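Protein chains in written order, with this note's numbering: chain R, 124 to 466; chain H, 51 to 426; chain U, 3 to 313.
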Amino acid sequence: MKRILALAFISLMVTVTTACGNLGGLGGPTIKIGLVTDVGGLNDKGFNSLANQGRLDAAKDLGVETSVTESKKQEDYVPNLTNYAQQNYDLVVGVGFLMTNSIWKVAKQFPNIKFALIDGAPANDKGDTENLPNVANLFFREQEPGYVVGVIAAMMAKDKVGKATHNTVCSMGGIPIPSVDRWIAGYQDAVKTISPTTTILHGYSNDFVDQAKGKEVGLNHISKGCDILFQVAGGSGLGYIAAAKEKGVYAIGVDADQSDVAPGTVITSALKRVNKAVYDTVKAVKDKAYKAGDNFFSATNDGIGIGKIDPVVPANIKTAADQALADIKSGKIKPKTEIQVKG
Amino acid sequence: MTAAATPSPTGPGTAPSVRQPTAQWAQGPAVPIVSVLAALFAGAILILVSGSDPIRGYLALIRGAFGSPYNITETLVIAVPLTLAGISVAVAFRTGLFNIGAQGQLLVGALAAGWTGAQFSDLPGIFLLPLTLLSAVIAGGAWGAIAGWLKAARGVNEVITTIMQNYTVVFVMHWLLQNGPMTAPNAAGTPASSPIGAGAILPIIIPNEIVPLSRLHAGVLLAIAAVVVFWFLMWRTSLGYELRAVGLGARAAAQAGIDPRRRMVLVMFIAGGFAGLAGMIQVSGLFHRVFDGFSAGFGFDAIAVALLGKNSPIGITLAAILFAAFARGGTIMQADAGVSSHLVEVVEATVLLVIAAEAIVRALAVRRGTPAEAIA
Amino acid sequence: MELLLGAGVIAATLRLATPIAFAALGGVITERSGVTNIALEGCMLVGAFFGILAADKTGSPALAVVIGLLAGTALAAIHAVASVTWRADQIVTGMALNILALGVTSYLNYEIYGSGVPSGVQLLPALSLDFLAGVPFVGGVIGRQNVLVWLALVLVIVLQLYLFRTVAGLRLRAVGEHPRAADTVGIDVRRTRYWAVLASGAIAALGGVYLTVADTGSFTDGLTNGRGFIGLAAMIFGRWTPLGAAAAALIFGYGDALSVSLQGAAIGELRFPVQLLSTIPYLLTILAVAGFVGRSRAPAADGIPYESEGH
């Protein structure tokens, strides 16, 4: 047995050394895009998976070569970004506000490589934001889709549509940080504007993975009368939606269109087109139209939107939502970015 | 009483095997290497089935861990906190305590270091660095000592306490850094503390001319010192002798006239101190502030590191390097060879399984000539 | 008061305690036989994933339970072989299996479902006790709990009786306390331990199945989130008895329920920061153990591989 394994080992080594000669950079003029995800992993049901979707779309449509690296701990951000930069990738995309300092460090070390960061701008070692000529900051105005779905929620609660009989709406965030709270700020702003008598509840799961926790918060809100549950908590938010499904009320998804998570329960979703942002940035690099510094994705450039609206939502409310989106686009409505009903 | 493996952490204070590491590592390296290769072979088949090239994958793994000076420094950067956390777990194991709390103690140390470094940021390095280090060691130690005290005074099993403590720290850290008392005023949405002063930074020890971009900081020197301190403490001081006696069993300790409970608080303080030092190194050497959720998993991996390393200084260091190599090489395996990070985890787990089984099987092979042990 | 002891909170306690109880019960069985099984977290995870996968593909929640159970048993089988036959370090093996479970389930989750989730899966139903509908408090607490919650309850009682009132249970405990003595009277130590480890994997897997097939209807990578380890803590807290472990799980579940029900509550102007609320179950458990339980003792031969004559 030992002999066989030794032989296998030797043959493996031989194959390896011959294969070695065939490896080496694929070179050539193809554009190479590298994506470095946050610690949440590719399947976080949130910005990592959307960014990955953008990468895959770009690979398919734009004929670019892509690679992805999942960071397992925050210590990995710098070496993961560096790895792509060292290999002269044409664009290195980082995901998330935790990478602000890491991307600053690496972008400074590789001034000839183009970077992009989702949800953040480079921050120097003092912690101050410092834009760099080779980093594109991809920001989203999450309060805008939050506002539009808030319009739908407010009107359904006010008109007591379907199961929404208690005139109460609610939301659940993952953690209390601005990029989560902005969605909710818009949501609450819409509700307070359109239906001031509607009760607003808000909570947090303190987690982006644990679905059971999200479900508990949901059940808690439902027991207090909530009929429309807006989740902003990634994987944990799926539990929030599950609570709505179990109790026969409504939910609103986030980031991607989540209508097929629970058909009939999810009445719409607040979209953050991270995939589009990544795709557009790749395209910009390809077309030599890369723009460093702040790049905002909002209603004006279709960087945000709302997902499929369930048939239970009456036509007049759909119209109102479309109008709200148009008003935001034109600047007539500026949704708030601070939440009013805290969790 | 002899034990061929670590008895239950939950069991009465029995110690893990205290066999000298050299006996095992030196005995016929062929057998473990062949088993590891078998594990890698199985992994290769999985990688093949998943649609990637296993050879390219394994080459990337090796290259990522050791293939260039930069990569070697990156592996060491991970190995440093792992070694310290491993010592934290091992110190406790030697005394018959199961320190699952290394992660929480590490984070407490990091928070203390981050706070001290920022609070006194104007102090020169000659004062600030030792102050930061001390604050982390004491904070981590105190956090660990709580578990020790609860066990000594109230008989609370340290497994329960330390697991609960770990989670508590995580949530307290969330509160402190997500728009809380320790959040930096210019954080702009990133849950992080204020940057530490220049005096609290552990400098990069390999100049850029030799290894460009290297992040290897002076923490590696602290880690080496800690390994030596661990060795000296456990094997050259009377305290160490006492602790190991307690670890070998209550009966042995009683015969030597030692009350096991007396040292529990001290041991957990020491263990917490080592882990707290790991946290300080992450702050002072790498991040220069505290980020919510950073340094995930070290305390946990440290348990396997300590056990694989037989709770001995050299063993822990080698095991930490192995884990770090896998972590570092694994990311390159994904980045350069397209192997799913989850398959990398599967390969890692399989190798770990094989190594765990292997060491013991060979230990038994070594002792085959002796009469059957008595298990009291 | 409602926030602290209302029917809603107590009902939530039962829900939240259930997966932990399953893990703890699995732990009790294996540790009573003398084997440490840290891989309970992994068994829960594979139970959760393969359970929901089966529920999705076959449409039968009952079959899903069986498949989830088998998945947990399969993982535990590796642990059994490694621990009992190879006499490997049980903690390292357990940890390796946890990593394995995470890698396998995450990989398959991505391959099969991509970034989506299974939808329209028929879940395990709740047991509707309509005759309790009008009863205050009790009706709210147990009137609509999932069948797996009831199964957990039943399992606690069954295992308690098994361990302490049957000959088989006595044998199991003997193997854990005095394996050599047990061997001498003819009990097959290794076989008993094998069965115990397999059973623990199955029971822990039920905890995972609850999380997906009963509670939420979908799977996210690593959704067990440490419940297997909380279960181990509950086992120790409960002094390695099924009833004790269940009580410990309930205490933890209560704290967990409070961390949700107290969100938004305030004493005057002082609100509890939502992150600190999440520490309640952990602090409550420490307080409970420190206050009430005192010294605890594991089975004497727990975690020590057995070497019999002639091996």
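Every residue, glycine too, gets a C-beta built ideally from N, C-alpha and C. Being a predicted model, the structure only gives us computed values, none of them experimental.
Option in the options with minimal Cα separation from residue i
i: U:Leu163; options: U:Thr20, U:Leu27 and U:Asp185; result: U:Leu27
i: U:Ala56; options: U:Gly246, U:Trp88, U:Thr168 and U:Ser220; result: U:Ser220
i: H:Met223; options: U:Gly29, U:Thr38 and U:Val276; result: U:Val276
i: U:Leu252; options: U:Leu279, U:Arg17, U:Val177 and U:Gln92; result: U:Arg17
i: U:Asp223; options: U:Ile205, U:Ala50 and U:Leu278; result: U:Ala50
i: U:Leu213; options: U:Ala25, U:Thr38, U:Thr32 and U:Pro301; result: U:Ala25
i: U:Leu172; options: U:Leu5, U:Thr194 and U:Ala292; result: U:Thr194
i: H:Ala356; options: U:Ile93, U:Gly136 and U:Met237; result: U:Ile93
i: H:Ala399; options: U:Arg34, U:Leu264, U:Ala41 and U:Ala135; result: U:Ala41
i: U:Asn280; options: U:Trp152, U:Asp258 and U:Ala13; result: Looking at the sequence itself, residue 280 of chain U is Ser, so the reference to Asn does not match. For U:Ser280, the nearest C-alpha among the options comes from U:Asp258.
i: U:Ser130; options: U:Val137, U:Ala154, U:Arg229 and U:Ile144; result: U:Ile144
i: U:Gly209; options: U:Phe274, U:Ala250, U:Leu153 and U:Val106; result: U:Leu153
i: R:Tyr310; options: R:Thr460, R:Gly466, R:Thr320 and R:Val435; result: R:Thr460
i: U:Leu286; options: U:Tyr256, U:Ala78 and U:Leu5; result: U:Tyr256
i: U:Leu376; options: U:Phe231, U:Cys45, U:Val123 and U:Ala128; result: Missing from the structure shown is residue 376 of chain U; chain U here goes from 3 to 313 and no further.
i: R:Asp330; options: R:Pro301, R:Gly362, R:Gly348 and R:Lys315; result: R:Gly362
i: R:Arg264; options: R:Val292, R:Gly243 and R:Val284; result: R:Gly243
i: U:Gly8; options: R:Glu188, R:Ser346 and R:Lys399; result: R:Ser346
Residues that residue i bridges to, as DSSP identifies them
i: H:Phe341; result: H:Ala242
i: R:Ile429; result: R:Ala393
i: U:Gln147; result: U:Leu129
i: H:Thr233; result: H:Ser243
i: R:Tyr373; result: R:Ile351
i: R:Met295; result: R:Gly326 and R:Gln354
i: R:Asn418; result: R:Leu261
i: R:Glu193; result: R:Thr160
i: R:Glu461; result: R:Glu461 pairs with nothing; no bridge assigned.
i: R:Gly217; result: R:Val159 and R:Leu240
i: R:Thr252; result: R:Ala246
Environment of residue i [buried if 16+ CB atoms lie within 10 Å]
i: R:Asn235; result: exposed
i: H:Arg286; result: exposed
i: U:Gln147; result: buried
i: U:Val169; result: exposed
i: R:Asn203; result: buried
i: H:Ala374; result: buried
i: U:Phe139; result: exposed
i: R:Arg396; result: buried
i: H:Asp172; result: exposed
i: U:Glu271; result: exposed
i: H:Thr124; result: In the sequence as presented, Thr is not what sits at residue 124 of chain H; that position holds Glu. Label assigned to H:Glu124: buried.
i: U:Asp58; result: buried
i: R:Asp378; result: buried
i: U:Arg317; result: Absent from the structure is residue 317 of chain U, since the part of chain U shown begins at 3 and ends at 313.
Euclidean distance between Cα positions of residue i and residue j
i: R:Ile156; j: R:Asp180; result: 12 angstroms
i: H:Gly379; j: R:Ser392; result: 39 angstroms
i: H:Gly159; j: R:Ile275; result: 48 angstroms
i: H:Ala407; j: U:Arg89; result: 7 angstroms
i: R:Asp304; j: R:Ala374; result: 18 angstroms
i: U:Asp185; j: U:Val199; result: 18 angstroms
i: R:Leu255; j: R:Phe420; result: 19 angstroms
i: H:Val278; j: U:Ile282; result: 40 angstroms
i: R:Ala246; j: H:Ser85; result: 47 angstroms
i: U:Ala13; j: H:Ala189; result: 39 angstroms
i: H:Gly435; j: R:Pro437; result: Lying before the first or after the last residue shown, residue 435 of chain H is absent from chain H, which here runs from 51 to 426.
i: U:Pro21; j: R:Ser453; result: 51 angstroms
Open item on the list: Pairs of beta-carbons, one from the stretch 340–348 of chain R and one from the stretch 203–220 of chain R, closer than 8 angstroms: are there three or more?
Closed with: Verdict: no, contact absent.
TODO: Would you check if the stretch 405–412 of chain R and the stretch 425–441 of chain R touch, i.e. whether three or more CB-CB distances between them fall below 8 angstroms?
DONE: Look at the beta carbons and you see the stretch 425–441 of chain R not touching the stretch 405–412 of chain R: under three pairs across the two are nearer than 8 angstroms.
Open item on the list: For the structure I just gave you, are there three or more beta carbon pairs, one from the stretch 201–215 of chain U and one from the stretch 65–85 of chain U, closer than 8 angstroms?
Closed with: Of all C-beta pairs linking the stretch 201–215 of chain U to the stretch 65–85 of chain U, three or more are shorter than 8 angstroms, placing the two stretches in contact.
Open item on the list: Pairs of beta-carbons, one from the stretch 187–206 of chain R and one from the stretch 219–235 of chain R, closer than 8 angstroms: are there three or more?
Closed with: Yes, the stretch 187–206 of chain R is in contact with the stretch 219–235 of chain R.
Open item on the list: Any C-beta of chain B within less than 8 angstroms: which residues of the stretch 214–240 of chain R qualify?
Closed with: Looking for chain B here will not work: the only protein chains present are R, H and U.
TODO: Mind the definition here: the stretch 190–205 of chain H touches the stretch 362–376 of chain H only if three or more C-beta pairs lie below 8 angstroms; say whether that holds.
DONE: No, they do not touch.
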